[in-house]
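Remarks on the structure that follows.
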Amino acid sequence: MPQDPSSPAASRQPLDRDAIVRAALDLLDRVGLDALSTRRLAEALGVSGPSLYWHFGSMGELRDQMAEVLIAGALPEPDAGDDWRGWLADGARGIRRAALSRRDGARLLAGARPTEARRALRLGPSLARLLAAGLPAERARYAFLALARYALGVALSEQASGAARSDAAFEYGLRALLAGIEFDLAEGSS
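116 is the number that my numbering gives to position 132 of the sequence shown; each next residue is one higher, with no gaps.
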C-alpha cells in the first residue's frame, strides 16, 4: 500500500548527522541539557531511538558534536592586521556569545570533549599570535586556556544564576587577563 504523502514519515527529511545535531540543539533550547535524551530526540525527529545510533555511537558523542557546532565560528579568522590582544579578546567574546546562544549552552561546551584535530584547529591560530608576540609555547597555551576558561566560566555563572548578563563586568575581567598576559610578555623580554 503506498504511503500517504501527508504522513509525518513521508514528509520527513533523510536522517543524517547534521539534521540530528540541528534537532538536538533545538530540543536543547526547549527542554534543557538535563532532559535531553535519545528518546526525546527520536520523538522530535519522528524516528525510533535506535536509528540515532547509526549516526552517533552514544549521547556523549552527539553532545560533543552539538558543542562543535555551537562553538564553530566563535574564534575569529586569523587576520594579519590584528594584534594579539584584539584577536584573543574577540575570541573570548565569541566563546561567551556561543555559550549563551543556547539554553544550557555553557554546560554543553564545558562538558564537551573535542578531538585533538579540532582542538588544534582552534588552538593553533591563538598560539601562533602569542608565540609571534614573544610568549614561550607553554605559557602561550596557558594564556589561551585562561581566556577560554574565563569566558566559559562567566557564561556558566550567568546561565546557572539566571542573572542578567553583565558585559561591563566581563570586559573588565577580560582586560585584566589580557593585561596579565601583556605583563608576562614584558617580563619575558627583560
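Where a beta carbon is used, it is the ideal one built from N, C-alpha and C, also for glycine.
Contact check, residue i vs residue j, beta carbons under 8 Å
{"i": "E4", "j": "L54", "result": "A small correction: the amino acid at residue 4 is Ile; Glu does not occupy that position in the sequence shown. Not a contact, by the Cβ cut-off of 8 Å."}
{"i": "R23", "j": "G33", "result": "yes"}
{"i": "L92", "j": "M43", "result": "no"}
{"i": "E27", "j": "P98", "result": "no"}
{"i": "L162", "j": "A82", "result": "no"}
{"i": "R80", "j": "F128", "result": "no"}
Reference residue i; option with closest CA among the options
{"i": "D88", "options": "A139, I79 and D168", "result": "A139"}
{"i": "A160", "options": "R1, E52 and L131", "result": "L131"}
Coil, strand or helix - residue i by DSSP
{"i": "E155", "result": "helix"}
{"i": "D168", "result": "helix"}
{"i": "P(-14)", "result": "Residue confidence for P(-14) is low, a pLDDT of 43 falling below 50, so the modelled location carries little weight; the figure read from the coordinates is stated next. P(-14) falls in the coil class under three-state DSSP."}
{"i": "Y134", "result": "helix"}
{"i": "P109", "result": "helix"}
{"i": "A26", "result": "helix"}
{"i": "L59", "result": "coil"}
{"i": "S141", "result": "helix"}
{"i": "R97", "result": "coil"}
Alpha helix (DSSP H) segment containing residue i, residue limits
{"i": "W71", "result": "W68 to L84"}
{"i": "A94", "result": "G89 to A94"}
{"i": "V5", "result": "R1 to V15"}
{"i": "V53", "result": "M43 to I55"}
CB contact below 8 Å: residue i versus chain C
{"i": "Q143", "result": "Here chain C cannot be found, since the structure has a single protein chain."}
Problem - Validate contact between the region 67 to 81 and the region 105 to 125 using beta carbons, cut 8 Å, 3 pairs - result: yes
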